[in-house]
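Below is one structure, written out as structure tokens, with a few remarks after it.
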Amino acid sequence: GAVVSQHPSWVICKSGTSVKIECRSLDFQATTMFWYRQFPKQSLMLMATSNEGSKATYEQGVEKDKFLINHASLTLSTLTVTSAHPEDSSFYICSVLGGISYNEQFFGPGTRLTVL
Amino acid sequence: AQKVTQAQTEISVVEKEDVTLDCVYETRDTTYYLFWYKQPPSGELVFLIRRNSFDEQNEISGRYSWNFQKSTSSFNFTITASQVVDSAVYFCALSEDTGFQKLVFGTGTRLLVSP
Numbered sequence: 001g002a003v004v005s006q007h008p009s010w011v012i013c014k015s016g017t018s019v020k021i022e023c024r025s026l027d028f029q030a031t032t033m034f035w036y037r038q039f040p041k042q043s044l045m046l047m048a049t050s051n052e053g054s055k056a057t058y059e060q061g062v063e064k065d066k067f068l069i070n071h072a073s074l075t076l077s078t079l080t081v082t083s084a085h086p087e088d089s090s091f092y093i094c095s096v097l098g099g100i101s102y103n104e105q106f107f108g109p110g111t112r113l114t115v116l
Numbered sequence: 117a118q119k120v121t122q123a124q125t126e127i128s129v130v131e132k133e134d135v136t137l138d139c140v141y142e143t144r145d146t147t148y149y150l151f152w153y154k155q156p157p158s159g160e161l162v163f164l165i166r167r168n169s170f171d172e173q174n175e176i177s178g179r180y181s182w183n184f185q186k187s188t189s190s191f192n193f194t195i196t197a198s199q200v201v202d203s204a205v206y207f208c209a210l211s212e213d214t215g216f217q218k219l220v221f222g223t224g225t226r227l228l229v230s231p
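This is the structure:
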């Protein structure tokens, strides 16, 4: 399977600032990546599907102007939380679509964001 | 719409007990995939199993076993002789077999195994 990394693993920022989270596919060229958000003691919720070279597809209720996704290469997708607020504090997880039949997701280790 | 229900929010057992985690799903697709993931306190998701909708054979992997019952739309997970290291949150998930294979996760079951 694909090896996926995320950076940073955790970040603390002040309210109103922007934070960028990177998701890298280390050994696989990923055309499609996904971004999930997980609030404490809750499930993973898909935020958006990111496709290399095109605009991301956002799930209903996710503000595309607040959560900017860029998938400029086959190994890197970034999620920028703009003008972060305390309610954006969450665990953000990315995944890469791959596998023999291109129907498996391989997950990164996650990034814990705390907005003060 | 697809939906995954994990009715058990938290289960506590003593080491060496067997425990079954329930998963019930809803989908209109005829072809789909079911998954189980483990999320330890570190947060990283650990893939446990993937099963496609045409394969109803039960599977055993060491202390883990899975029971897929299409007739009841269930995909239950059993841990035999549980160990403290099994303590984690377990998620059942469902994906379509078209498009981008989006995953829909259940709400998770927190398993606490005490010594």
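Heads up: the sequence lines are chains V and S, in that order.
Here my numbering is used: the first residue of the first sequence is 1, the next is one more, and so on.
Here my numbering is used: the first residue of the second sequence is 117, the next is one more, and so on.
Backbone N, C-alpha and C define an ideal beta-carbon position, used for all residues, glycine too.
The structure displayed is predicted, hence computed values, not measured ones.
Buried or exposed for residue i, please, with buried defined as at least 16 other CB atoms from any protein chain shown within 10 angstroms of its CB.
i      : result
V:I93  : buried
S:I195 : buried
S:D202 : buried
V:S15  : exposed
V:E63  : exposed
V:E104 : buried
V:S18  : exposed
V:L79  : buried
S:F170 : exposed
S:W152 : buried
S:S211 : buried
S:A117 : exposed
V:S61  : The amino acid occupying residue 61 of chain V in the given sequence is Gly; Ser does not appear at that position. So V:G61 counts as exposed.
V:I12  : exposed
V:V81  : buried
V:L116 : exposed
V:I100 : exposed
V:V96  : buried
V:T49  : buried
V:T32  : buried
Please list the terminal residues of the continuous beta strand (DSSP E) segment that includes residue i.
i      : result
S:I165 : 162 to 168
V:N51  : 44 to 51
V:K55  : Segment: none, V:K55 is in no beta strand (DSSP E) and carries neither H nor E.
S:G224 : S:G224 -> no beta strand (DSSP E), and no H or E assigned at all.
V:A30  : Segment: none, V:A30 is in no beta strand (DSSP E) and carries neither H nor E.
V:G99  : Taken as a continuous stretch (DSSP letters only), V:G99 belongs to no beta strand (DSSP E), as it is neither H nor E.
V:C13  : 10 to 13
V:S18  : V:S18 -> no beta strand (DSSP E), and no H or E assigned at all.
S:K119 : 119 to 121
V:F107 : 104 to 107
V:V62  : Per DSSP, V:V62 belongs to no beta strand (DSSP E) and is neither H nor E.
S:T136 : 135 to 137
If the criterion is Cβ atoms closer than 9 Å, does the pair residue i and residue j meet it?
i      : j      : result
S:S198 : S:R179 : yes
V:L46  : S:L219 : yes
S:A204 : S:Q155 : yes
S:F221 : S:V120 : yes
V:R112 : V:S9   : yes
V:P109 : S:G224 : no
Original post:
Is there contact here, the stretch 183 to 193 of chain S with the stretch 166 to 175 of chain S, by at least three beta-carbon pairs under 8 Å?
Top reply: yes
Original post:
Taking three-plus beta-carbon pairs below 8 Å as touching, is the stretch 71 to 91 of chain V in contact with the stretch 133 to 153 of chain S?
Top reply: no
Subject >> Segment contact, 8 Å Cβ cut-off, at least three pairs: the stretch 32 to 40 of chain V with the stretch 139 to 149 of chain S >> reply: no
Original post:
Would you say the stretch 20 to 33 of chain V touches the stretch 120 to 132 of chain S, given that touching needs at least three Cβ pairs under 8 Å?
Top reply: no
Original post:
So, do the stretch 66 to 80 of chain V and the stretch 48 to 56 of chain V have three or more beta carbon pairs nearer to each other than 8 Å?
Top reply: yes
Original post:
In chain order, which continuous runs of the alpha helix (DSSP H) of length 4 or greater are located wholly inside the stretch 152 to 209 of chain S?
Top reply: none
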